[in-house]
Every structure is written in C-alpha cells, then in structure tokens.
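Below is one structure; the comments refer to it alone.
Protein chains: 2
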Amino acid sequence: MNAAVTDPGTQRRDARRFAMLPDPFPMWRGGQLHGARIAYETWGTLNEARDNAIVLFTGLSPSAHAASSPEDPSEGWWEGMVGPELAIDSNRFFVVCVNSLGSCFGSTGPASINPATGAAYRLAFPDLSVEDIARAGHETLRSLKIERANTIIGPSLGGMVVLAYAAQFPGATRRLISISGSAAASPFAIALRSIQREAILRDPDWRGGAYTDEQPPATGMRIARKLGMMTYRSAHEWRERFGRQPATEQQDGPFAPEFAIQSYLEAHARRFVRAFDPNCYLYISRAMDRFDLAAHGGSHAVVLARSRIDKALVIGVESDMLFAIDEQERLAKSFEQAGAATSFAPLDCIEGHDSFLIDIERFGSEIGTFLNRQ
Amino acid sequence: MNAAVTDPGTQRRDARRFAMLPDPFPMWRGGQLHGARIAYETWGTLNEARDNAIVLFTGLSPSAHAASSPEDPSEGWWEGMVGPELAIDSNRFFVVCVNSLGSCFGSTGPASINPATGAAYRLAFPDLSVEDIARAGHETLRSLKIERANTIIGPSLGGMVVLAYAAQFPGATRRLISISGSAAASPFAIALRSIQREAILRDPDWRGGAYTDEQPPATGMRIARKLGMMTYRSAHEWRERFGRQPATEQQDGPFAPEFAIQSYLEAHARRFVRAFDPNCYLYISRAMDRFDLAAHGGSHAVVLARSRIDKALVIGVESDMLFAIDEQERLAKSFEQAGAATSFAPLDCIEGHDSFLIDIERFGSEIGTFLNRQ
C-alpha cells in the first residue's frame with residue numbers, strides 16, 4: 000500500500016492508494032493476472048473492530064476519486080455524498096472507493112503493462128467479468144485486513160458488482176445498496192453497449208486494439224460517449240433544460256451542429272476521448288453485457304439467499320431507460336424472496352440513469368436513512 | 000406522369016408513377032430545383048368529384064410502396080393497412096403514397112442527377128425542409144388535378160409533413176391524421192439523429208459526400224441504422240422477444256456479437272446499407288431536427304387554426320421513446336385549441352415508435368373509425 004502522492008506530471012494531488020492483488024489473480028472466465036493492483040481512495044477511519052468499512056464500486060467510467068479530501072481537494076464524482084456528516088458519513092464509516100479492475104485510473108487493465116512482455120496488454124488482457132471487478136474489490140479490503148464489510152454500495156455497473164460480490168463471497172457483507180443496477184443485462188442495454196463498442200471497433204484508428212497515444216480511435220469514443228449521455232439522461236430533462244435552443248458555438252461545414260443539445264454532447268465527448276482508454280472501455284462494456292446473477296446457480300433469489308445479506312436497499316429511477324425501473328423492482332423482489340429486509344426506493348427524478356450523480360439530496364436521504372438503521 | 004414499369008435490372012414489377020414538380024421548384028430555406036419529380040403509388044380510383052383522395056406521407060426511409068397491388072405484388076411497408084376493405088379502404092378512397100422529396104426511391108434528392116451539371120447533386124442539393132416534402136406532395140396532388148385532399152395521413156416524419164402541409168396550404172385538406180409525429184423536434188430526438196449523422200459524416204468512406212457506389216460509408220450507415228432500431232422499438236418488447244438468448248450466428252474476432260439482439264440489429268443494418276443513400280439520409284434527418292410548426296407564425300394552435308383542418312386524429316404510443324406520448328398529447332391539445340374536432344388515441348403497444356408498422360389491427364381500428372366518420 001503506497002502513500003498518497005502528488006503526480007509529478009500534473010502537479011495534481013493524488014489521494015490514491017494501491018492494493019496488490021494475490022499473484023496469480025485468477026479471472027472468472029479463465030486466465031490469470033500477475034502483479035495486478037487496484038487503485039482506491041478512502042475517507043474516514045477504520046475502527047478497532049475493523050467492522051465499519053463501506054466499499055463503494057463505481058459506474059463504467061469514474062475513478063476511485065468519489066469525493067474531495069485533504070489529500071486531493073478536487074471535486075469527486077459523488078461529491079456531496081461521501082464525507083463528514085454526509086449521507087455516507089466518513090465520521091462514522093471507513094469508506095473505500097475502488098477503481099474497477101480493467102479500468103485505467105491506476106488499477107490493472109488492458110492499458111497496463113503486461114509483466115510477461117513489458118508492453119501494454121491491449122487485447123492480450125484476459126476476458127474481464129463483473130465477477131473479477133467484485134473479487135478485486137474484495138481483495139482490496141482483505142489487503143486492509145478487513146474480513147467483512149459493513150455495507151457494499153454500487154451505482155450502475157457498481158450495482159452489478161455488488162451483486163457479484165454477494166454471490167461470490169457469502170457472509171462478506173451484511174448490507175448491500177444497489178443503485179440503478181441490474182441483476183442481468185437487458186437486451187436494450189446490450190444493444191446500446193454493442194453499438195458503442197462497434198463505433199470504436201470500426202474506427203480505423205482502433206487498429207485492432209493497437210492504437211497509438213497520439214491517434215486514439217477518437218471518432219469511435221466520441222460516438223460511444225454521446226450515445227452514453229443520450230441514454231444516461233432523459234428526454235424530459237433535456238426538453239426542460241435545452242428545448243430547441245441554438246448551439247452555443249456556431250460552426251461551419253456540412254451538417255454542422257445547430258442546437259444546444261448538440262453542443263452539450265460535444266463537450267462531453269471531447270472530455271471523454273482524453274480521459275478514458277478505448278480498450279478498457281471495450282472490456283468493461285462487454286463485461287456488463289455478459290453479467291447475469293443467475294450464472295451463480297439458481298434463480299436470483301436463490302443466489303441472494305446464499306449470500307447472507309441481511310438488509311438490502313434497491314434504488315431505481317422511473318426515467319432511467321437503460322437500467323429500467325421494472326428491473327429494479329424485480330431485484331428488490333428477489334432480495335425479499337431471499338429473506339433480506341429490503342427497502343425499494345423508486346424515485347421520480349427526471350435525470351434518468353445519471354440521477355444518482357445529480358440529485359444528491361434525494362439519493363443521499365435514501366442512503367443515509369438506510370445506513371443509520373442498525 | 001409515366002405508367003407503371005418493370006425495372007429492367009431487377010425484373011421487379013414497379014407500380015411507381017412520377018409527377019413532375021413545377022420548374023423551378025422553390026425550396027423553403029432558399030434555393031430551387033429544376034426538373035424535379037416525385038415518385039408515388041396509388042390504390043383505388045379517383046371519383047368524379049375528385050374529392051376522395053387520401054395522401055399518405057412516409058417515415059424517413061420507406062418508399063412510396065405502402066402496400067401490394069396488382070402492378071407490384073411485393074409486400075409494402077404498410078401492408079394490411081392500405082387496400083380494398085382495409086382501414087385505408089381503396090374501394091372508397093383514392094390513396095396516393097408519396098416518396099419524400101430528398102429521398103432515393105424515385106423522387107428527386109441528393110442522389111439524383113443535377114441537370115445543371117449532369118452529375119449527382121450530392122451536397123450541392125439545396126437545404127431540405129419538412130416543408131419542401133409537404134409542398135412536393137401537394138404538387139403531386141395538383142398534377143392529378145386534385146385541389147383538395149379528403150385526408151392527409153403521416154406516421155413519424157410523415158407526422159411532421161402533414162403538419163407542414165396544413166400550415167402551408169390552408170384549406171387544402173379537411174382531415175388530418177398524425178401518427179407518432181411531432182410538431183417540433185425534441186432535443187432527445189435531435190440528439191439521436193445528430194449522433195446518427197455524425198457516424199456517417201465521420202466515416203472516412205463518406206468522403207465529404209463524394210463516396211462511390213462501390214464503397215459507401217457502410218460503417219456510418221450501419222451504426223445509424225442500429226441506433227434507429229434501438230430507438231424505434233422498446234426495451235419491453237426486446238426483453239420479451241430476445242431476452243438474453245445467444246446470437247444466431249457464432250462469429251469469431253475480438254468482441255464478436257454474443258446475443259440475439261445483436262444478430263437482429265446486424266440483419267437490419269446490412270439491409271439498410273444496401274437500401275438507402277447516405278446523403279439522402281443526412282438531408283432528411285437534418286430536416287426533421289429543424290422542423291418546428293411555430294416557424295409558421297404563432298403558437299402551434301394558432302398555426303393549426305389558420306390551416307382550416309376540421310377533424311384531426313392524433314395517435315401516439317406510450318412506449319415510444321423518440322416521439323414521446325406527451326408530445327402527442329400536446330399536439331392533440333393544439334388541434335383542440337385550434338377548433339378542430341380532435342381524437343387523441345394513446346396506445347399502449349409495446350413496440351415503441353415502430354408500433355404503427357406492427358400493430359396493424361389497433362392502428363387500423365383507430366384510422367378506419369376516423370375515416371368512416373363524416
């Protein structure tokens with residue numbers, strides 16, 4: 000475990016720590032990793048009983064930087080949710096946010112150096128599953144000598160990861176919060192993600208995964224991100240927010256953007272191309288398609304009963320087109336059938352799948368209330 | 000007006016007829032066309048009073064072949080809806096289905112020869128608007144010496160076209176049916192269409208619109224079509240129809256398709272690349288983004304009041320994510336405020352925007368009932 004560092008390139012303060020995974024680290028669908036590590040950040044203090052840990056898994060693209068801290072005062076992806084006296088209260092809990100295995104923010108993934116060759120893995124990275132992301136998080140906790148989490152929490156992809164965690168490590172947590180997650184990828188979500196991947200795979204600059212730093216498959220990544228934004232938000236929100244307002248920048252050229260919604264998508268796409276590795280994106284995206292809790296043997300309720308989760312909170316959003324509210328309701332029912340004390344919170348936020356990033360007040364209220372119960 | 004012909008290349012019988020547009024044909028946003036024509040098909044017989052014509056406008060991609068006929072027995076895009084004793088009854092009405100101006104199934108569009116140069120227009124085609132598609136349909140009717148339509152009908156893009164028709168030609172029809180259309184493109188629909196266009200525009204094979212027949216921007220068109228299918232249907236339908244069934248063809252290669260929903264999208268994409276011209280697609284797609292009935296002066300209700308529509312039927316589908324049900328409801332309210340006797344039919348079909356192509360029984364019942372009233 001390294002101490003927090005300042006990145007010499009950016010001078011940005013860095014609160015990341017690193018956990019070495021067991022060597023070899025076996026992958027769920029075969030293959031193994033050597034010398035793999037997980038980047039994580041923490042908030043709060045582990046108590047003497049080592050039983051106040053909350054593990055937070057992320058969506059597809061965020062890093063472990065969920066919230067600002069003295070070590071890294073930059074805004075996190077769940078700013079306002081994690082910290083002293085916030086819903087996930089770092090005065091009370093020791094919060095560990097994990098950068099997913101397969102991602103590119105410090106954890107080992109397809110963009111990392113393969114110790115066997117000295118070059119980046121790229122497509123030589125073994126098949127990645129949601130189960131591997133869960134196992135890597137579990138090993139991160141074990142590296143901190145924590146045998147049992149107080150609660151595991153995950154939104155979006157993280158909502159799949161917490162289920163894979165429960166399925167693989169019975170008794171390793173007492174409580175679970177799934178936010179706009181899924182027990183099995185729906186065909187609509189598979190359709191979206193497969194089109195996003197196709198945009199990258201067919202970009203000539205992808206070069207079979209061997210793209211250069213100077214010339215990444217920017218067109219594919221742009222389209223993938225714009226499609227993501229389209230399905231992460233909602234038509235209702237956009238009508239209220241953008242309507243038919245004109246584009247913020249006037250551009251020339253054939254079929255140039257004309258509406259504000261296009262400028263908004265463009266800004267998101269530009270940021271994403273610089274921020275995320277395309278091969279990592281492909282690996283994690285496919286892992287989400289393949290996830291099905293039933294692969295762990297039996298119905299979802301049977302799998303969850305074996306996990307020994309006592310209390311579950313399932314939050315969903317009615318305007319979420321990607322992880323639809325009926326999926327959330329079915330998941331909550333499965334927890335009930337599994338014998339867990341289950342709360343189901345269907346929220347009518349208008350921001351779609353991304354509501355958990357925006358409506359901190361309502362999500363915080365649900366999460367805080369759940370965590371404050373004994 | 001030409002007679003029906005057999006295409007010498009395909010030996011396919013062809014029921015198309017052609018109307019020459021006035022020369023010059025002025026375009027709504029400027030510019031004009033010379034020697035332009037519209038392909039159309041007809042069913043039934045024009046009565047002596049010349050007052051039993053129904054004009055049918057199409058969605059973005061269909062041709063004028065709405066239904067089979069003795070002249071062209073192949074299945075049409077609205078088979079079962081148009082014909083003798085069907086909802087749009089050709090025993091009673093003279094039905095004219097118009098291939099949109101700007102399209103590529105016989106009507107003049109960006110893929111047509113520019114008489115000024117002897118080469119295809121491509122991007123030299125003037126800006127296309129929904130208003131131009133409506134005007135070209137109106138001129139088609141005038142070429143048949145029909146001054147007033149009994150009813151104008153349009154689904155999807157056609158639902159925009161009938162509104163542009165009403166706005167531009169007050170008194171030219173007494174009745175109007177809008178099916179899953181829109182009085183002003185929503186930011187969500189603009190987002191989708193602008194991403195579809197970007198996939199084509201950034202395909203290296205697009206070549207600034209100067210692609211070859213041998214090497215069209217197939218990747219861009221594939222992605223555009225898959226995205227279209229994703230938003231034309233619904234997550235609910237796909238869950239019932241495909242679930243997590245495996246792909247119908249096993250394929251090799253990195254990130255090959257694994258699920259049936261991917262095979263389904265692939266089949267649609269392959270057909271579309273061969274069927275539709277990319278520049279035509281870009282022009283019509285942008286025209287849809289730009290459409291706003293309010294551009295005709297005043298609120299939607301004020302514009303519709305000037306149109307002198309007596310009776311309107313607005314059909315929408317609750318699972319339509321692209322032309323949302325609340326848009327349909329607002330359009331129906333605008334007709335009511337405009338003084339038209341308005342029926343609003345919100346249908347709970349699960350097939351999304353494309354329901355009008357699939358649930359012929361329910362749509363036929365609404366349309367037939369409306370047409371049978373006096």
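Quick mapping for you: the protein sequence lines, in order, are chains B and F.
The opening residue of the first sequence carries number 0 in numbering that gives the first Met the number 0; numbering runs sequentially from there.
The opening residue of the second sequence carries number 0 in numbering that gives the first Met the number 0; numbering runs sequentially from there.
Positions of the beta carbon are idealized from the N, C-alpha and C atoms, including for glycine.
The structure presented is a predicted model; accordingly, all values stated were derived computationally and were not measured.
Using only CA atoms, which one of the options lies nearest to residue i?
i: F:Ala182; options: F:Asp309, F:Phe168 and F:Gly157; result: F:Gly157
i: F:Glu70; options: F:Ser262, F:Gln327 and F:Asp13; result: F:Asp13
i: F:Leu292; options: F:Gly29, F:Val160, F:Ile145 and F:Asn51; result: F:Val160
i: B:Asp50; options: B:Glu146, B:Thr218 and B:Ala340; result: B:Glu146
i: B:Asn90; options: B:Cys96, B:Asn46 and B:Thr107; result: B:Asn46
i: F:Ile357; options: F:Pro125, F:Pro154 and F:Pro72; result: F:Pro154
i: B:Ile132; options: B:Phe290, B:Ile176 and B:Tyr120; result: B:Phe290
i: B:Val302; options: B:His267, B:Ala198 and B:Gln167; result: B:Gln167
i: F:Arg243; options: B:Pro186, B:Ile314 and B:Lys332; result: B:Pro186
i: B:Gly108; options: B:Leu281, B:Ile222, B:Leu312 and B:Glu328; result: B:Leu281
i: F:Gly117; options: F:Gly296, F:His33, F:Gln250 and F:Ala300; result: F:His33
Take residue i and list the residues in its own chain whose beta-carbon comes closer than 7 angstroms to its own, dropping the five residues that flank it on each side.
i: B:Ile359; result: Gly79 and Met80
i: F:Leu191; result: Leu226, Thr230 and Leu321
i: F:Phe104; result: Ala38, Ser62, Ala63 and Asn98
i: B:Glu265; result: Pro256
i: B:Thr44; result: Phe93
i: B:Ala304; result: Ala337 and Gly338
i: B:Gln261; result: Ala246
i: B:Arg28; result: Asp126 and Ser128
i: F:Arg221; result: Ala268 and Val272
i: B:Gly208; result: Arg121, Leu122 and Asn278
Please classify residue i: is it buried, with 16 or more other beta-carbons within 10 angstroms of its beta-carbon, or exposed?
i: F:Lys225; result: buried
i: F:Phe310; result: One detail in the question is off: residue 310 of chain F reads as Lys in this sequence, not Phe. Per the 10 Å Cβ criterion, buried.
i: F:Asp353; result: buried
i: F:Asp22; result: exposed
i: F:Asn399; result: This structure gives no information on residue 399 of chain F, because the portion of chain F shown stretches from 0 to 373.
i: B:Ser73; result: exposed
i: B:Thr57; result: buried
i: F:Glu326; result: buried
i: B:Glu236; result: buried
i: B:Ala18; result: buried
i: F:Pro83; result: exposed
i: B:Ile112; result: exposed
i: B:Asp319; result: buried
i: B:Glu130; result: buried
i: B:Pro201; result: One detail in the question is off: residue 201 of chain B reads as Arg in this sequence, not Pro. Looking at its Cβ environment, which holds 16 or more other Cβ atoms inside 10 Å, B:Arg201 is buried.
i: B:Thr211; result: exposed
i: F:Gln250; result: exposed
What does a CB cutoff of less than 8 angstroms around residue i pick up in its chain, not counting 5 residues either side in sequence?
i: F:Arg232; result: Glu350, Gly351, His352 and Asp353
i: B:Ser364; result: Ala86
i: B:Ile189; result: Asp288
i: F:Gln31; result: Pro23, Phe24, Pro25 and Pro125
i: F:Pro169; result: Arg305, Ser306 and Arg307
i: B:Ala375; result: Residue coverage of chain B in this structure runs from 0 to 373, which leaves residue 375 of chain B outside it and unanswerable.
Identify, in the order they occur along the chain, each residue of the same chain with its Cβ nearer than 6 angstroms to the Cβ of residue i, setting aside the five sequence neighbours on each side.
i: B:Ala2; result: Any reading at B:Ala2 needs caution, since the residue's pLDDT is 47, under 50, leaving its predicted position unreliable; the model's value is listed next. None.
i: B:Glu335; result: Thr341
i: B:Arg174; result: Thr150 and Lys310
i: B:Met228; result: Leu264 and His267
i: F:Asp276; result: Cys103 and Ala110
i: F:Ser60; result: Phe275
> What residues from the segment 226–241 of chain F come within 7 angstroms of chain B, judged by C-beta to C-beta, listed N to C?
Replying inline: Among the residues of the segment 226–241 of chain F, those with a Cβ less than 7 angstroms away from any Cβ of chain B are Leu226, Met229, Ala234, Trp237, Arg238 and Phe241, in the order of the chain.
>> In chain order, what are the residue ranges of uninterrupted alpha helix (DSSP H) at least 4 long that sit wholly in the segment 134–208 of chain F?
In response: Within the segment 134–208 of chain F, the complete alpha helix (DSSP H) runs of at least 4 residues are 156–167 and 186–200.
> According to a CB-to-CB cut-off of less than 8 angstroms, which residues of the segment 252–263 of chain F neighbour chain B?
Replying inline: Listed in sequence order: Pro253, Phe254, Pro256, Glu257, Phe258, Ala259, Ile260 and Gln261.
>> Against chain B, which members of the segment 287–298 of chain F pass a CB distance test of less than 8 angstroms?
In response: So the close ones are Asp288, Arg289 and Asp291.
> Using a beta-carbon distance cut-off of less than 8 angstroms, what residues from the segment 198–222 of chain B approach chain F?
Replying inline: Correct list: Ala198, Leu200, Arg201, Pro203, Gly207, Gly208, Thr218, Arg221 and Ile222.
> Going along the chain, which residues of the segment 110–129 of chain F sit with their C-beta nearer than 8 angstroms to a C-beta in chain B?
Replying inline: Taking 8 angstroms as the Cβ-Cβ cut-off, the segment 110–129 of chain F approaches chain B at Leu122, given in chain order.
>> Quick check on the DSSP output: what are the complete alpha helix (DSSP H) runs of length 4 or more inside the segment 205–279 of chain B, in order along the chain?
In response: If we require 4 residues or more, the alpha helix (DSSP H) runs fully inside the segment 205–279 of chain B come out as 217–231, 234–240 and 259–274.
> When Cβ atoms are compared, which residues of the segment 159–192 of chain B fall closer than 9 angstroms to chain F?
Replying inline: For the segment 159–192 of chain B, the set of residues with a beta-carbon nearer than 9 angstroms to any beta-carbon of chain F comprises Ala183, Ala184, Ser185, Pro186, Phe187, Ala188, Ile189, Ala190 and Leu191, in chain order.
> Which residues, in order along the segment 331–349 of chain B, keep a beta-carbon less than 8 angstroms from a beta-carbon of chain F?
Replying inline: Listed by position, the residues of the segment 331–349 of chain B near chain F (Cβ gap below 8 angstroms) amount to none.
> Listed in chain order, which residues of the segment 318–331 of chain B have Cβ atoms closer than 7 angstroms to some Cβ of chain F?
Replying inline: Here the close residues are Met320 and Ala323.
> Taking a cut of 8 angstroms between CB atoms, which residues from the segment 346–372 of chain B lie near chain F?
Replying inline: Residues: none.
> Just by C-beta distance, which residues in the segment 265–281 of chain B are closer than 7 angstroms to chain F?
Replying inline: Cβ contacts with chain F: Leu281.
> Of all the alpha helix (DSSP H) runs that stay within the bounds of the segment 56–93 of chain F, which reach a length of 4 or more residues?
Replying inline: Look at the segment 56–93 of chain F and you find no whole run of alpha helix (DSSP H) that is 4 residues long or longer.
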